[in-house]
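Novice: Residue numbers (the working numbering), protein chains in the order written: chain H, 5 to 55; chain D, 59 to 603.
Shown below is the structure under consideration.
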Amino acid sequence: MSRAAVFSSTLNNAWVRGIALAVYYLAILAGLIWLYGKGDFSAPPFVYQGF
Amino acid sequence: VKTPHLLPALGALLLAAGALLGGRAYALRVEAQSVHALAANLFPLKSLGIALQRAAFRQPDLLPAYGSSELENRDDYDARRIFKDYPTEFTIFPIAHMGTSALIVLEKLAAIGPEASGKKVVVSFTPPTFFRPLIGEETYAGNFSRLHAGELVFSNCLSYDVRQRAARLMLLFPKTLESEPLLKFGAESLADDSWLGRCLYHVAWPLGKLENFVWECQDHWETLRYLEKHPVRTEQAKHQSPRTIHWDELAAAAQRSYRQYSGNNPFGFKNKYWQENAATLQKRNPMPPWSEFQPLVRAIVQSPRTLKITKEWQSLELLMQGINELGLDALVLSTPMNAAFYDSWGADRSARQVYYDKFADIAGRYGVPCLTFSEHEADRDFLMDAASHLSSRGWVYYARVIDAFFHSYDRDDFCRLAKSFTAAAPAVASKAPADKTTGAVASYEGTLDRADRDRISGWAWDHSRPDEPIKIDILDGGQVLATVLANQFRQGLRDGGKGDGRHGFAIITPKSLQDSRRHTIDAIVAGTKVHLNRSPRVLESAAPK
């Protein structure tokens, strides 16, 4: 059996496909967390108001 | 399977949620381990985030203190140094940045949430803030945190009324909300009193909560990153050296130290400050247009009118209400104004008193203990500049009050203690009578040394009349027991430079006090409200003979 056929038959297995999809969604969530995880906790430079 | 993506997506969501919760638990542990080491440091993440502030509130030996530049200034005798090694089993955790207003403090405290309930906190202000019609938007923005604002707008712990009034004040600074559409929408809906506004606010509420959760996770992440970049030695952070602080000695040492740097001007300001600002600090006729003090002084002189229109008082009132609703055990402090300086500009004591009275009135209305240190207005070693920042000596008094507050059991206990501290030392009567012949303003100093079932004794004198004895009223629970002339000679007083040394007083404890009831003995300069140092004190039992 060729490599492509082995890959195809493996993907046809419901368990393997489920795990691959879970990893896929997990990667998306991890990407989102990575993108939006860094917050901006700085304030604009302080401007002295005087009195 | 009809929905092949559903289960994997749910599984991925569960895993991600688990990872987030695990990460949060890890962050909380690291923050708790590091918070003592970061207690004395001031940096933006500590002030603009929540994670470290909440961690501080969880520690029984850290006392969070919110304030402005007066807490930022470093001094050899500032509270951070005095409490550095936990001498009385706690240290101060300042959260401060110049220009911090009452509204900013309210946002920060609201962000602490339910964990604030029952915890002690100190909030500090300086008077100039309360004489501006409105704090500048750039100044407000310099201390603004969307996380804190979001927690306030969508708070569970504050009443709708407080949130609504706070939102209306926040909307006076529209630029800070420009880049936060959901927060802006929530604040605008909250500020709108119509039924539609209320509906829209409640629609936005769950989204606001979600956004706050995301920002909180970001805060934990940034805190972990900060700690990675700035590793702390957690094992050395809590080096404790318990000892008794001799406050009077410390104040005297601070005074000696401060006088080395403050002799070149008539107001007791720091020499360097005077050198850099003398041109703007001295009143001239006509005043140069760039004088920054002219509007402030004008505002103080017109204080009854000014104080009605400045928004900062609304913020202070809101802060007091918020403190009550959050269940905080708070102490609110204000530094005083330098009497000699403001007198020279024509803003006399009666004008300044309006500020002290209003400050105390607002705090008192909400049962929050408050001290303005107005008794120290004429103490030329108390403030280092015209903006009411504390000198070394001023810091010792501030720290002493903070220490007493931390160790007090309840508000009455603290108020009784604080009264004895603040009216102590070279205090000047709030409305000290001027000597008719010399025009000198009375300036009293003294101590109630002893009050037991045998004797009541102490000393007192007037700086402005160093060789003349003064009269002291001895009171029991507010009733005058006796009036004595403080004219007994004490070698220690003469050696200590107290005029001719004839300023001691002593009386035999009256028989009416020889019962089993508790008596509180007070000693005040007759005809004034100036309490002697260590007065009032509870009558002690006589020493066994």
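For every residue, glycine included, the Cβ atom is placed at its ideal position computed from N, Cα and C.
1. State yes or no: is the C-beta of glycine 380 of chain D within less than 8 Å of the C-beta of valine 211 of chain D?
2. Quick one: using the 10 Å Cβ neighbour count with 16 as the cut-off for buried, is glycine 244 of chain D buried or exposed?
3. Glycine 535 of chain D: buried (16+ other C-beta within 10 angstroms of its C-beta) or exposed?
4. With DSSP run on the structure shown, which of helix, strand or coil describes cysteine 473 of chain D?
5. With 8 Å set as the bound, which would you pick, yes or no: does the beta-carbon of serine 46 of chain H sit closer than that to a beta-carbon of chain D?
6. Whole angstroms are fine: how far does the CA of phenylalanine 271 of chain D sit from the CA of histidine 521 of chain D?
7. Within the continuous alpha helix (DSSP H) that includes aspartate 507 of chain D, where are the two ends?
8. What residue from D/His278, D/His94, D/Ala114 has the CA that sits closest to leucine 79 of chain D's CA?
9. So what does tryptophan 519 of chain D bridge to, in DSSP terms?
10. When you check each C-beta in the segment 5 to 30 of chain H against every C-beta of chain D, which residues fall closer than 9 Å?
11. Classify asparagine 201 of chain D as buried or exposed, calling it buried when 16 or more other Cβ atoms lie within 10 Å of its own Cβ.
12. Does DSSP classify proline 186 of chain D as helix, strand or coil?
13. Under 8 Å, with one C-beta from each stretch per pair, do the segment 149 to 160 of chain D and the segment 316 to 336 of chain D reach the 3-pair mark?
14. Exposed or buried, what is glutamate 614 of chain D when buried is set at 16 or more other beta-carbons lying within 10 Å of its beta-carbon?
15. Between the C-alpha atoms of histidine 561 of chain D and serine 515 of chain D, what's the straight-line distance to the nearest angstrom?
16. For glycine 35 of chain H, go through chain D and note every residue whose CB falls closer than 9 Å to its CB, in chain order.
17. Please go through the same chain and pick out, in chain order, the residues whose beta-carbon is closer than 7 Å to the beta-carbon of aspartate 443 of chain D, but skip the five residues on each side of it.
18. On the DSSP bridge assignment, give the partners of aspartate 150 of chain D in chain order.
19. What is the DSSP secondary structure of glycine 535 of chain D, reduced to helix, strand or coil?
20. May I have the straight-line CA-CA distance separating glutamine 313 of chain D from glycine 452 of chain D, to the nearest angstrom?
21. Under 7 Å, CB to CB, which of the residues in the segment 277 to 292 of chain D have a partner in chain H?
22. Can you confirm whether glycine 125 of chain D, when its beta carbon is compared against all beta carbons of chain H, has any partner nearer than 8 Å?
23. Taking a contact to mean a Cβ-Cβ separation below 8 Å, would you say leucine 129 of chain D touches serine 203 of chain D in this structure?
24. Buried or exposed for arginine 138 of chain D, please, with buried defined as at least 16 other CB atoms from any protein chain shown within 10 angstroms of its CB.
25. Does any residue of chain H have a CB that is nearer than 8 Å to the CB of leucine 86 of chain D?
26. Between alanine 123 of chain D and isoleucine 150 of chain D, which are expected to be in contact by the criterion C-beta below 8 Å, what is the C-beta distance as a whole number of angstroms?
27. Just the Cα atoms here: how many angstroms apart are valine 43 of chain D and leucine 308 of chain D?
28. Measuring only the C-alpha atoms, how far is aspartate 580 of chain D from alanine 224 of chain D?
29. Once DSSP output is grouped into helix, strand and coil, what is the label at glutamine 549 of chain D?
30. For the beta strand (DSSP E) containing valine 583 of chain D, name the first residue and the last one.
31. Helix, strand or coil: how does DSSP classify alanine 600 of chain D here?
32. In chain order, what residues of the segment 566 to 577 of chain D put their CB closer than 7 Å to some CB of chain H?
33. Could you tell me if tryptophan 403 of chain D is buried or exposed, where buried requires 16 or more neighbouring beta carbons within 10 angstroms of its beta carbon?
34. Using only the alpha-carbon positions, how far apart do aspartate 387 of chain D and glutamate 147 of chain D sit?
35. Cutting at 6 Å between CB atoms, please list the residues of its own chain near isoleucine 32 of chain H, excluding the five before and the five after it.
36. On a Cα-Cα basis, can you pick out the residue from D/His260, D/Ile582, D/Ser213 that is closest to alanine 174 of chain D?
Specialist: Short version:
1. no
2. buried
3. exposed
4. helix
5. yes
6. 60 Å
7. No alpha helix (DSSP H) holds aspartate 507 of chain D; the beta strand (DSSP E) holding it covers 502 to 509.
8. D/His278
9. D/Glu503
10. Ala18, Arg21, Gly22, Ile23, Ala24, Leu25, Ala26, Val27, Tyr28, Tyr29, Leu30
11. buried
12. helix
13. no
14. Residue 614 of chain D falls outside the range modelled here, since chain D spans only 59 to 603, and no answer is possible.
15. 11 Å
16. Residues of chain D passing the Cβ test: none, with the nearest at roughly 11 Å.
17. Phe327, Lys328, Tyr331
18. Looking at the sequence itself, residue 150 of chain D is isoleucine, so the reference to aspartate does not match. D/Leu121, per the DSSP bridge assignment.
19. coil
20. 9 Å
21. Asp277, Trp279, Glu280
22. no
23. no
24. buried
25. no
26. 5 Å
27. Beyond the ends of chain D as shown, which are 59 and 603, falls residue 43 of chain D; an answer cannot be given.
28. 43 Å
29. helix
30. 578 to 583
31. Because the pLDDT at alanine 600 of chain D is just 48, under 50, the model does not fix this residue reliably, and the point stays unresolved.
32. none
33. buried
34. 18 Å
35. none
36. D/Ser213
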